[in-house]
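In my numbering, the protein residues as written are 472 to 527. All residues carry an ideal CB built from backbone N, CA and C; glycine is no exception. As the structure is a prediction and not an experimental result, all values here were calculated from the model. Remarks on the structure that follows.
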Ligand code: SF4
Ligand code: SF4
């Protein structure tokens with residue numbers, strides 16, 4: 472399961488741009504992850520400046 476913490480997220484879009492599978496969608500203040508496409512590569516977790524994304 473992959474998710475972002477709404478309290479921490481700055482909605483900067485960095486995670487969206489870094490995902491090689493295009494599975495992150497950001498619309499205003501809503502982030503959605505398409506888990507069927509996610510390969511758990513961890514790139515979005517590493518790029519997030521505030522550590523808002525967690526992979527479980
Ligand atoms: S773990 Fe990788 S594939 Fe999954 S959402 Fe993050 S960047 Fe995309
Ligand atoms: S990189 Fe982090 S702070 Fe930026 S939109 Fe993604 S989850 Fe939010």
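- DSSP places residue 489 within a helical segment (H, G or I) once states are collapsed to three.
- Under the 10 Å beta carbon count, residue 475 is surrounded by 16 or more other beta carbons and is classified as buried.
- Taking C-alpha positions only, residue 492 is separated from residue 512 by approximately 10 Å.
- At a Cβ-Cβ threshold of 7 Å, residue 485 and residue 516 do not count as neighbours.
- In its chain, beyond the 5 residues on either side, 504, 505, 508, 509 have a beta carbon closer than 7 Å to the beta carbon of residue 494.
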